[in-house]
Amino acid sequence: MRSYAFLNSTVSIMAVQIKLRKGGDIKLQGSAEKAIIEAPKSEFFAIKPSDFHGVTPKLILKEGAKVKAGTPVYYDKGNEKIKFSSPVSGEISEVVRGARRVILEIKIKADGTDVSEEVGVGTSDNKEQIIEKLLNVGLWPMIKQRPFNCIANPEDAPKAVFVSAFDSSPLAPDYDFLLKGREHDFQAGIDALAKLSGTGKVNLSVSSDNSSSWMSRVNNAEVAEIGGQHPAGNVGVQIHHLNPMNKGEVVWTVNAQDVAIIGSLLKTGKVSTKKVVALTGSEVESPKYFNATIGQNLAGVFEGNIKTAEESPRFISGNVLTGSKVEKDGYLGFYDSQLTVIPEGDKYDFFGWAVPVQPEKYSFSHTLWSWITPKKEYRLNTNLNGEGRAFVVSGQYEALLPMSILPVHLLKACLVEDIDMMEGLGIYEIVPEDIALCEFACTSKQPTQEILQAGLDLVKKECA
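Counting the sequence shown from 1 gives a position; the numbering used here is that position plus 1376.
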């Protein structure tokens, strides 16, 4: 077997195998035990427009309207074909608005009947029929687009469809485990996505640590084995190494669990928004997997399962790098398969910077002793451990981003809104989650994800 090393990876020509040399794993306490239990029943569910970046919602239904699972509730003003539906059957109880009447949440009171919209069984549907069904019941937003990390435009012709079958972020759920028993739904979803792809197959990435997974043997997929530390599981990194994007090209991506939801719709003709969610984090008494529903209220999941500590807990829908802060009685995000609870960090160490040995703290650099114990798990909080300072080229970002991109130069181009420079530095290939690890390690304490997203929004507005 011959192998060729280039840039940040090693590729074998015998099979599609990629070993990333750059990146870093943050080992946190509170990984989920591989046991699935039913989440406590939720009376209220919510659709949050904030889950969909760049979407301007326009209501289809008003308060008091009766809905089924899959009934469209609002659409995007920018593209009226893209609808967003209720995850359960019941009644719209409240439309929560913020400043300037911006819609924050649309709350739905479930009736407990689990009645759903029906679209007819369609495992043999063609591309146009699949797109129409997904649009009509509000599942189309599960398909996202690169560049810009937005909801895919159904009128575009993607050159490829990518699915990452593993997640490398801190305390990430095991997709091989949470999709156990849904193999047929997953295959049906892959078959449908293959019809949407420009290649006729789906690019499916599996972890090289779990190359024997059943996911690596699905049909209508070009499987690649990816090895290395985070962000190896990010689909953007996988696209960069397997099928790099150029200006004007479009690639669609779908989360592995959403593939099964799409497959279930086409197999049964009914909408089901149920998924398995990992409850993780150092502040969780018993981290486990839960059978949950998209948009469900999280009060019952957290209740009685949070440790008592001096510091108040931070509740996150998603992982610690890219997730969204929610309240204890908040709602599960549309794209999230993980909930994380860590210390808020509202307790501070007096002269903490001057203490030479701090075994409870972690850093990618050698300024702390954590590099001596690479397998130790940490209880980290949300403190920045410093203030904003000069944004300098230190080589820190380049060591953590396994892409042939100069991240600091790209971010500076975003700050000065130089579109030509952004394009030349590869902004079409990267999204905020790819650079989240750099934000964690940043000595300058720069909000890298926020800066990059602003740059992407500007390029999309001016050039798309």
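The C-beta atom is built at its ideal place from N, Cα and C for all residues, glycine as well.
Our two residues, Glu1625 and Cys1526, have alpha carbons roughly 14 Å apart in a direct line. Annotation: the continuous beta strand (DSSP E) that includes Ile1484 extends over Ile1479 to Ala1486. Taking C-beta separations shorter than 6 Å and ignoring five residues to either side along the sequence, the partners of Asp1634 in its chain run Met1518, following chain order.
With a 10 Å radius around the Cβ and a threshold of 16 neighbouring Cβ atoms, Gly1576 comes out exposed. Per the Cβ contact rule, the stretch 1674 to 1691 is not in contact with the stretch 1735 to 1746 (fewer than 3 Cβ pairs under 8 Å). Per DSSP, the unbroken beta strand (DSSP E) holding Asp1452 starts and ends at Pro1448 to Asp1452. Scanning the stretch 1779 to 1828 from its first residue to its last, no whole beta strand (DSSP E) run of 3-plus residues comes out. Per DSSP, the continuous beta strand (DSSP E) segment holding Gln1521 begins and ends at Ile1519 to Arg1522.
Out of Cys1818, Ala1789 and His1560, the CA that lies nearest to the CA of Leu1828 is found in Ala1789. A residue is called buried when at least 16 other Cβ atoms come within 10 angstroms of its Cβ; Pro1778 meets this threshold and is buried.
Straight through space, the alpha carbons of Lys1535 and Lys1571 are spaced by roughly 12 Å. The three-state reading of DSSP puts Glu1559 in helix, counting H, G and I together. By the CB criterion at 8 Å, Ile1638 and Ser1648 fall outside the cutoff.
Setting aside the 5 residues that flank it on each side, Pro1808 is surrounded in the same chain by Gln1825, Leu1828 and Gln1829, each with a C-beta closer than 6 Å to its C-beta; the list follows chain order. With fewer than three CB-CB distances shorter than 8 Å, the stretch 1400 to 1413 does not count as touching the stretch 1459 to 1476.
Taking 8 Å as the upper bound for CB-CB distance, Pro1463 and Thr1669 are in contact here, some 6 Å apart. Ala1840 is positioned such that its CB atom lies no closer than 8 Å to that of Gln1772. The Cβ atoms of Leu1715 and Gly1671 lie no closer than 8 Å to each other. Setting aside the 5 residues that flank it on each side, Ala1812 is surrounded in the same chain by Leu1697, Thr1698 and Gln1825, each with a C-beta closer than 7 Å to its C-beta; the list follows chain order.
With contacts defined as CB atoms closer than 8 Å, Ser1693 and Gly1706 qualify as a contacting pair. Assigned with DSSP and collapsed to three states, Val1769 falls in coil, not helix or strand. Under the three-pair Cβ rule at 8 Å, the stretch 1479 to 1494 counts as touching the stretch 1437 to 1446.
When Cβ pairs closer than 8 Å are counted between the two stretches, the stretch 1745 to 1763 is seen not to touch the stretch 1789 to 1804, the count staying below three. Nearest Cα to Gly1609 within the set Lys1646, Val1539 and Val1578: Val1539. Looking only at Glu1531, Lys1650, Lys1837 and Glu1559, the smallest Cα-Cα distance to Ala1541 is reached by Glu1559. Within a 10 Å sphere around the beta-carbon of Asn1695 sit 16 or more other beta-carbons, which makes this residue buried. According to DSSP, Ala1445 shares a beta bridge with Ser1492.
Residue pairing by DSSP places Phe1460 opposite Tyr1450 in a beta bridge. Note on the stretch 1661 to 1699: whole beta strand (DSSP E) runs with a minimum of 3 residues are 1664 to 1669 and 1689 to 1693, in chain order. Residue state for Asn1595 is assigned as coil, using DSSP reduced to three classes. Using a Cβ distance threshold of 8 Å, Val1582 and Val1599 count as a contacting pair. With contacts defined by Cβ atoms closer than 8 Å, Lys1434 and Glu1481 do not form a contacting pair. Here Glu1659 is buried, its C-beta having at least 16 other C-beta atoms within 10 Å. For Gly1466, the enclosing beta strand (DSSP E) stretches over residues Gly1466 to Arg1473. Distance from the CA of Leu1511 to the CA of Tyr1451, rounded to the nearest whole angstrom, comes to 10 Å. Per DSSP, the continuous alpha helix (DSSP H) segment holding Ala1632 begins and ends at Ala1632 to Thr1644.
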